[in-house]
Each structure stands twice: as structure tokens, then as C-alpha cells.
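Numbering (my numbering), first residue to last: 140 to 550.
Glycine included, C-beta positions come from ideal geometry on N, C-alpha and C.
The structure under discussion appears below in the form of C-alpha cells.
Listed below in C-alpha cells is the structure:
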């Protein structure tokens, strides 16, 4: 009996998932055991034979032993059983579907806001410099609420993918803005404004456009974050280098404003999401819609504030601003293909290159340049950026990704 008890005890340790249906009390003389499931433990302990015989025991004794063993097994199974498979994801609620619908209609809201800004400027010009700053800062905060420290670690683990987007954002596009301003011989204030907006970081609207285009949303968010952090140094530095010969550029002032409006709210959002996740989960349910509303206002307000200038010189600005965005979208896409990125990644980098934070360019132009014409290209860019990116996203949405499309930005 001692040997039989030891045998069953060993089985309880090595295979806690064995249940009573394996040990049958109907067979008092011989009990067959299932093969142990946890093999690494078997190597470290004494071998267990697949058959255990109770040759000298009575039927009742064997039955009691089996019942005692089964109780022990069930208790251990409750403690060490493998986790149950995850439940299927819940269906989106009606409210969530409604918010997603309003968010994906982003191009329509931009068109509507632009028309209001041109026809009735007073309806949107109440969003002046101070309120405009707060609105832009809140937009950056809402982006930060979707990020965690792990997202930044992913950037470090995938520097090449994010780095190509950063290169397109702060190398190709600024040079493109400079070349267009020289080729079209724009007046100094308008050329400065075009260069300034081409040196701005990616905008949050690019994340919505990436989602619509079936691109890589995680990559889009992290590229926007990387360019936003880089804007503290890159935007004033590049503007000073490329436009400093045209007009005086306050690089320190640009850097300070970018730090206050862009980086501080983003960092606050990341910290809030990291340490107060239960609260931010409730907030981020509505932030996509709030972001679309704020972006629409940030598009409409600049148009309203420079509506008179646009009516007088708008035709002169349409070509350079349109060329800036069209070439940026195209170069971002083909640069990705040169580096052999997948279709989803190429779409993402294209949208990130062509859609920058024109609202930030407008704010910086108002605060740090005395000539009001410097802000006009940013105001026009707000509309072309939103409409061009949205139109491209809708086009790509109607062109499915290849079946063999790979994820260049792995978790």
C-alpha cells in the first residue's frame, strides 16, 4: 500500500490537470494514468510509470485511495490550471459606432469649417491666439493620452521604420518647401510662411487618415510623436537655416513656443495614461471625436482670420501650397518603396509626410513674425493638408492591401 500511495502522490504533483475521469474507481486492481502533460517536471524528478497496480489491496481500499487522490487533484487543478481561453471581443456599442462614424467623416467637417471661415469669418475667428494655443495644446494632450512608456520603447526597438518617416518629415519636406518658394519666386513673407509650415511636425489628423487608408495606425501615432518631440529643435533650426536669409527668425522663441504648446501637453498625457490608466480609459473613449472637432476648428479659424487676404491673394498661394502637399505625399510613398517597406507602411509614411501640423505653423507665424502675410501659407495649408490627406486615405481604403502585406513595425 505504501508504494501505491507514493505513486498516486507523484501523479498529483506532475499532472495537476488530471481529473477524476482519468482515475477510475471501477478498476480496483489496476489504474491506468494519462501521460503526464507537464514534461519538464518529469525530467527533474523520479520517473512515473504509466501503470500503477494495487495487487495486494482490497477493492474498498483502492476506492478510498482513488477518491482521496481525486480530491487532491481537483484542489491543485483549481490553483494551477492553465488560464481559460480569452472571451471573444465584445461587439462595439451603438455609441462607439456613432463616434467612429463621426470621426471618419473628418474630411466633410473640414470642408464645412473652411466654407464657414470664408463666408462668415466671425463664426470662427473667436478662436484667437490664446484660445487657439489652448485648443492646440489640448489636441496634443489627447494624443499623449493614447501613448505609454512601452510605445517609446517600441520606437527604440524599431528605429529604422520610424527613422525613415522622421527623415521624410524633416529633410525631404523642408527642402521641398524651400525649392518651391524659389521656383515660383514667392515674396519673402509668403516664402517664409511656406518654409515654416514645411518644417512643422506631423499632425494628429494624420492618425485618422492612416486609419481610413488601412495603414499602420500604431506606426502613425509613434511617427507623429517622434516628429512632435523633434519639433522643439528641428522646426526652429530648419526655419532659421532656410528662411533666415529672407526675414529675421527668432529661433529661441520658436523653440520655446513649440516646447510649451506641443511637448508639455504630450508628456502630461503620457504620464496620465501611465499612472492613472483607469481614468484615462474613460476619457480616451471620447478623445477621437474631440480631436476631430478641435482639428476642424483649428482649420476653420485660420481661414476666417486671413479670409480677406485669401480673397485678394488666394490664387497666388493655391499652386505652391498644393504642390508642397502633392509632392510630399508622393515622395513619402516612393521613399518607402525604395527601402522595400510594405504597402501599409508606405501608405503610413506617405500620409505622415504630407500631413503636418499646419495649425502649429499658423500659431508660430502669428506669435513670432511681425508681417501677417507669413501666417497665410499655413492657413491655406490647413485646408490642403486635411482635404488632400483625407482624399488619399479614401482612395487607398477602396484599394485593399495585398494579401502578402507584412508588418514592418512589429511589437
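Where residue i falls: helix, strand or coil (DSSP)
| i | result |
| --- | --- |
| residue 495 | strand |
| residue 302 | helix |
| residue 248 | helix |
| residue 387 | coil |
| residue 479 | coil |
| residue 423 | coil |
| residue 444 | helix |
| residue 399 | helix |
| residue 259 | coil |
| residue 415 | coil |
| residue 266 | coil |
| residue 232 | coil |
| residue 150 | Its pLDDT being 40, under 50, residue 150 is placed unreliably in this model, and the coordinates cannot settle the point. |
| residue 194 | Residue placement at residue 194 cannot be trusted, given a pLDDT of 43 that sits under 50; the coordinates are not used to answer. |
| residue 438 | helix |
| residue 216 | Reliability of the predicted coordinates at residue 216 is poor, the pLDDT of 45 falling under 50, and the value obtained from them is presented with this limitation in mind. Note: residue 216 maps to helix in three-state DSSP. |
Rounded separation between residue i and residue j - CA only
| i | j | result |
| --- | --- | --- |
| residue 470 | residue 413 | 36 angstroms |
| residue 264 | residue 511 | 15 angstroms |
| residue 250 | residue 526 | 8 angstroms |
| residue 304 | residue 260 | 36 angstroms |
| residue 286 | residue 324 | 42 angstroms |
| residue 455 | residue 421 | 46 angstroms |
| residue 369 | residue 298 | 14 angstroms |
| residue 554 | residue 291 | Any answer about residue 554 is impossible in this case: the structure gives the chain only from 140 up to 550. |
| residue 437 | residue 478 | 35 angstroms |
| residue 523 | residue 429 | 21 angstroms |
| residue 545 | residue 530 | 24 angstroms |
| residue 267 | residue 501 | 11 angstroms |
| residue 450 | residue 342 | 26 angstroms |
| residue 508 | residue 275 | 19 angstroms |
| residue 393 | residue 403 | 15 angstroms |
| residue 333 | residue 516 | 5 angstroms |
| residue 319 | residue 410 | 40 angstroms |
| residue 378 | residue 234 | 44 angstroms |
| residue 242 | residue 351 | 10 angstroms |
| residue 335 | residue 371 | 13 angstroms |
| residue 284 | residue 340 | 18 angstroms |
| residue 533 | residue 257 | 25 angstroms |
| residue 464 | residue 277 | 26 angstroms |
| residue 427 | residue 487 | 18 angstroms |
| residue 446 | residue 474 | 36 angstroms |
Rounded Cβ spacing between residue i and residue j (contact assumed at less than 8 angstroms)
| i | j | result |
| --- | --- | --- |
| residue 354 | residue 490 | 7 angstroms |
| residue 528 | residue 344 | 7 angstroms |
| residue 423 | residue 367 | Their Cβ separation, rounded to whole angstroms, is 18 angstroms, which puts residue 423 and residue 367 out of contact at 8 angstroms. |
| residue 485 | residue 521 | Not quite, the Cβ-Cβ distance comes to about 25 angstroms (not below 8 angstroms), so this is no contact. |
| residue 431 | residue 245 | 5 angstroms |
| residue 434 | residue 467 | With a Cβ gap of about 19 angstroms, residue 434 and residue 467 do not count as contacting. |
| residue 442 | residue 348 | With a Cβ gap of about 20 angstroms, residue 442 and residue 348 do not count as contacting. |
| residue 252 | residue 439 | 3 angstroms |
Outcome for residue i when other beta-carbon atoms lying within 10 angstroms are tallied against a minimum of 16
| i | result |
| --- | --- |
| residue 337 | buried |
| residue 514 | buried |
| residue 302 | exposed |
| residue 538 | exposed |
| residue 321 | exposed |
| residue 541 | exposed |
| residue 329 | buried |
| residue 232 | exposed |
| residue 254 | exposed |
| residue 271 | buried |
| residue 416 | exposed |
| residue 383 | exposed |
| residue 495 | buried |
| residue 482 | buried |
| residue 240 | exposed |
| residue 308 | buried |
Closer than 7 angstroms: residue i CB and nearest the ligand SAH heavy atom
| i | result |
| --- | --- |
| residue 356 | Absence of the ligand SAH is noted for the structure shown, with no ligands found whatsoever. |
Q | Ranges of the beta strand (DSSP E) found wholly within the stretch 502-547, counting only runs of at least 3 | A | none
Q: List in chain order: all unbroken alpha helix (DSSP H) runs of 4+ residues lying wholly within the stretch 281-354.
A: 288-296, 298-306, 312-322, 327-337, 344-351
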